[in-house]
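Taking it in order: structure first as structure tokens, then the write-up.
Number of protein chains: 2
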Amino acid sequence: MAKRYSDLDWLREQGYRLTPQRLAILEVLKQADGHLSPTEIFNQVVQEIPGLTEATVYRTLNFLAEQGLVLVAHLGRGQLVYEFAEHDHHHLVCRNCGEMQEIDHRQLKQLYDNFLDDTGYQINTIHATFFGFCPECIANNRSGSK
Amino acid sequence: MAKRYSDLDWLREQGYRLTPQRLAILEVLKQADGHLSPTEIFNQVVQEIPGLTEATVYRTLNFLAEQGLVLVAHLGRGQLVYEFAEHDHHHLVCRNCGEMQEIDHRQLKQLYDNFLDDTGYQINTIHATFFGFCPECIANNRSGSK
DNA sequence: ATCGTTATTGCAACTAGTTGCAATAACGAT
DNA sequence: ATCGTTATTGCAACTAGTTGCAATAACGAT
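Those protein sequence lines, which keep their order, are chains A and B.
Going letter by letter, the first sequence gives residues 1082 to 1227 in my numbering.
Going letter by letter, the second sequence gives residues 1082 to 1227 in my numbering.
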């Protein structure tokens, strides 16, 4: 049976190159347990690759996101954050307290299927952020104190 | 019966102030038929309000988005764009050709209800962008020319 | 109509992110 | 192991977006 290519082999096959910069950035994201901002990533990776520039970090993050190895999220407050694309999931962010909760990809699967039926579009991103109010903030608000 | 407040009256009641800057920015977004970038907005509004600064535009857009009068979208390519919150809708963007399609809010309604059941979160944003491949690009790719 | 409170603005200095271009270095072919 | 092609990097100059602070001006109260 044919050997299953790793993402990295696949990239090389597409003509992209596996530079130390790219590998190191990906590694940092893999180790991290949550989202990292470009600056946080730069600060970590520059320790291993002293010549690294921020331009390269931004370019690499865009590249990795386009290739699907990394997920981008816009968790309010403007800035984008990045995360290793380990398992498909999304975020629910409370507009009030900032509390965040992960939601499983399967909950969106159904929706994607609907899109496919209705429009012919085949969705493959995989990382959405929804804003709303968490149960606690709803409760506090409803009690109407003051 | 009680008079129904407009969004603007409501803002004033919250202690926010209706400055000419805010009104003009909102007006430009209302007139525009699609998404505008902060810079596009600035260029239009500065004509009416010569002293206007870009800082004010960014602050106002954040403010209007938080208040729900304006929708923010992240249509790939990093930059955020803004749009008057006229009707709830979302976007489907083709990763390949950039083609864009609106999808009605009601398609997501069901999903929001599920979130509420499962997590207690009450979703209220209302503007998501999904990335995938449009029917045409899927067809072209599948034909395997080349 | 005037006044006081204080949210909002403009300013200026900053941080975040992008881009064109020449130099570098992956990587397939020899 | 060496070479050539060309994707990627670093550099530097840029554009985009943010923030603290003093001055301004909305707006409710008189």
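Built from N, CA and C at the ideal position, the CB exists for glycine as well.
Item                                                                                                                                : Value
Local conformation of Leu-1161 (chain B) per DSSP, three classes                                                                    : coil
Same chain, Cβ closer than 7 Å to Gln-1203 (chain B), five either side skipped, listed in chain order                               : Leu-1197
Residue-chain proximity (Asn-1123 (chain B), chain A), Cβ-Cβ < 9 Å                                                                  : It should be noted that the sequence gives Phe, not Asn, for residue 1123 (chain B). False, the Cβ-Cβ gap to chain A never drops below 9 Å.
Environment of Tyr-1097 (chain A) [buried if 16+ CB atoms lie within 10 Å]                                                          : exposed
Exposed unless 16 or more other CB atoms sit within 10 angstroms - verdict on Cys-1154 (chain A)                                    : With the sequence shown as reference, residue 1154 (chain A) is identified as Ala, and Cys is not the correct amino acid for it. Under this definition Ala-1154 (chain A) is a buried residue.
Proximity winner among A:Val-1151, A:Gln-1102, A:Phe-1165 and A:Lys-1111, relative to Gln-1128 (chain A) (alpha-carbon distances)   : A:Gln-1102
Residues sharing a beta bridge with Val-1153 (chain B), DSSP                                                                        : B:Tyr-1163
Partner residues on chain B for Phe-1165 (chain A), Cβ-Cβ distance less than 8 Å                                                    : In chain order: nothing, as chain B lies at least about 18 Å away.
Proximity winner among A:Glu-1094, A:Glu-1147 and A:Ile-1122, relative to Val-1162 (chain A) (alpha-carbon distances)               : A:Ile-1122
Ile-1184 (chain A) (DSSP reduced to helix, strand or coil)                                                                          : strand
Chain B residues whose Cβ lies nearer than 7 Å to that of Tyr-1097 (chain A)                                                        : Chain B residues near Tyr-1097 (chain A): none, gap ~17 Å exceeds 7 Å.
Any chain B beta carbon closer than 9 Å to Asp-1199 (chain A)                                                                       : yes
His-1155 (chain A): contacting residues in chain B (beta-carbon distance under 7 Å)                                                 : His-1155
His-1116 (chain A) versus A:Ser-1087, A:Leu-1089 and A:His-1171, residue with shortest Cα-Cα distance                               : A:His-1171
Which listed residue (A:Leu-1173, A:Ile-1184, A:Gln-1182 and A:Leu-1142) has its alpha carbon closest to that of Glu-1164 (chain A) : A:Leu-1142
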